[in-house]
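Read in order, the letters of the sequence shown are residues 235 to 667 in this note's numbering.
One structure is given here, and the rest of the page talks about it.
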Amino acid sequence: MTVTTSTEALIPDEIARAAVLPESYMDEKNVTYPAFKWLRENNPLGIAKIDGFDPLYLVTKLDDLITIERQPEVFANGLKNPILNSQADDAFIRGLTGGSIRSIDVTPFMDPPEHTAIRRLINPWFRPGNVKRFSDQVRALARREVDRLLDFDGECDFAKDFGLLYPLRVIMTLFGLPPEDEPVVMKLTQEFFGTNDPEEQREEIQLTPDAAGRAWTAAIASFNEYFHQHTLDRRANPTEDLLSVVANSRIDGELIEERYCNGQYIAIATAGHDTTSATLVGSILAMIENPDQLRLVQRDMSLVDRLVEESIRYVSPVKHFMRSATQDAEVRGRQIKEGDRFMLCFPSGNRDEEKFGPNSHDFDVTVDRGKHAGFGFGPHQCQGMMIARLEMRILFEELLPRLKSIELNGTPRYTQTNFVGGLKSLPVRFEKA
Ligand code: HEM
């Protein structure tokens, strides 16, 4: 690892830990966001050196996120792990794969031309015209879910009782998976993104130094096993659903290898579940803390699209992806060396005062914030963003008119993760309209 160590670039240890470690994100308001603010003001592309981790550049400004993400030939995904692990966790994965960090054949681990070829296979399915076809199905689901929520008699945990289930049900509907598989798919996606959270880990691996690496590989193995039969079924009897589109994808006339099918299923099932659920739950907390914003949207439902974008910006459920330099380069006056690693801090980019003004920390649906970092940029930009937007818009349209009031009824708790997640518990009290 070649990251230069000029004292000017080095980030103070306390700030580096607050921005990087999974436990910091359990108190993002008091720990992570203040650290990002300090970094943007004092050292926007600094180097974090934390025991047990490779040295990393922390990319905290929106412009730098865009610059780096739009140069995939210089800042690659697949050269090193595109997800930040401790050195012990990466070593565990390498031990299993015989040296490679690629534990899964999923697009965030790929670079062109492989990335282009695999992503292209399901691109048409994710285009707005196709996604729109599912509006009625998603609305019917949203109505059922809102009815179920309102049946809770004024009190529930919005994260556990609602936030996790609706997006999972949307994804399972799009995939064409049977409803009775819901508990299995729920467990798999929770384990996948909860790899750093002891509460989500399997008991036998908790507290081992490479627990996150073990949790990650165990979750992948279970996913592969779960989807294997579905691939065989859809190949034997093709249908219209997304599972069938993936299973029957071809390159040069040949069906793609099953490892690529598994990668696509896992990417969609996981990226499509926790992201949307964390955003929905986070947006409800934001509206509880800013009741004027809730009232504004309830009075003028044409603000819903802005509410969706502001929720994604404000919550930023994807905390990072990594890039690694394929060659020497320069960014923000820093001399980058081949092999250097970059943590793309999307939540920081989404609070960048230079772009969003001095009120970037406010949740505000009255201003048009413009481009944000919530879906990333460049060739890896979220493939499911039209689904995410549709799903959230419809949910807000169905839920908000039926809520008279909503308030906290306990302490919100966040998942211990620096990758994907947010609130795992949000006890609320509400009144129906
Ligand atoms: C609010 C919800 C969501 C947010 C905030 C979000 C955010 C992101 C981000 C930041 C990335 C990485 C982009 C980058 O590296 O530049 C990503 C990738 C991805 N997302 Fe999403 N996502 C959401 C929902 C979804 C949904 C619903 C799906 C699928 C149905 C999905 C599928 C994917 C896939 C497949 C990738 C990998 C793309 C690639 O590497 O080429 N996402 N998402």
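The beta carbon of each residue, even a glycine, is placed where N, CA and C say it ideally should be.
- Put His464 into one of helix, strand or coil per three-state DSSP. helix
- Query: Touching or not, the region 244-257 and the region 288-295, by the rule of three or more beta carbon pairs under 8 Å?
  - Reply: yes
- At a cut-off of 7 Å, is Pro592 close to the ligand HEM when judged by its beta-carbon and the heavy atoms of the ligand? no
- Query: CB Arg547 to CB Asn593, shorter than 8 Å?
  - Reply: no
- When the Cα atoms are used, what is the spatial distance from Ile454 to Thr331? 13 Å
- Message: Output needed for Glu625: all residues of its chain with C-beta closer than 7 Å, excluding positions within five of it in sequence on either side, in chain order.
- Response: Val372, Pro401, Val404, Thr510
- Item | Simplified DSSP state of His606, which is helix, strand or coil | coil
- Run of the beta strand (DSSP E) containing Gln569, from where it starts to where it stops: 568-570
- Message: With the cut-off set at 8 Å, would you say Ala269 and Leu657 are in Cβ contact?
- Response: no
- Can you tell which of Gly604, Gly612, Leu633 has its C-alpha closest to the C-alpha of Met535? Leu633
- Message: Helix, strand or coil for Arg328? Go by DSSP, reduced to three states.
- Response: helix
- Task: With DSSP collapsed to three states, give me the class of His554.
- Result: strand
- Message: If you measure between the beta carbons of Leu313 and Gly280, is that distance less than 8 Å?
- Response: no
- With contact counted as at least three CB pairs below 8 Å, one residue from each stretch, are the region 482-493 and the region 502-517 in contact? no
- Task: Note down the Cα distance separating Phe609 from Phe368, rounded to an integer number of angstroms.
- Result: 21 Å
- Note down, in chain order, each residue of its chain lying with its Cβ closer than 7 Å to the Cβ of Val418, except the 5 sequence neighbours on either side. Tyr460
- Apart from the five residues on each side of it in sequence, which residues of its chain come closer than 6 Å, Cβ to Cβ, to Gly447? Asp323, Phe326, Ile327
- If you draw a straight line from the alpha carbon of Phe409 to that of Glu587, how long is it in whole angstroms? 39 Å
- Task: Give a single yes or no on whether Arg353 has its beta carbon closer than 7 Å to a heavy atom of the ligand HEM.
- Result: yes
- Message: What does the alpha-carbon distance come out to for the pair Glu416 and Ile284?
- Response: 39 Å
- Comparing alpha-carbon positions, which option in Glu348, Thr451, Thr423 lies nearest Asn311? Glu348
- Item | Helix, strand or coil at Cys495 [DSSP, three-state] | helix
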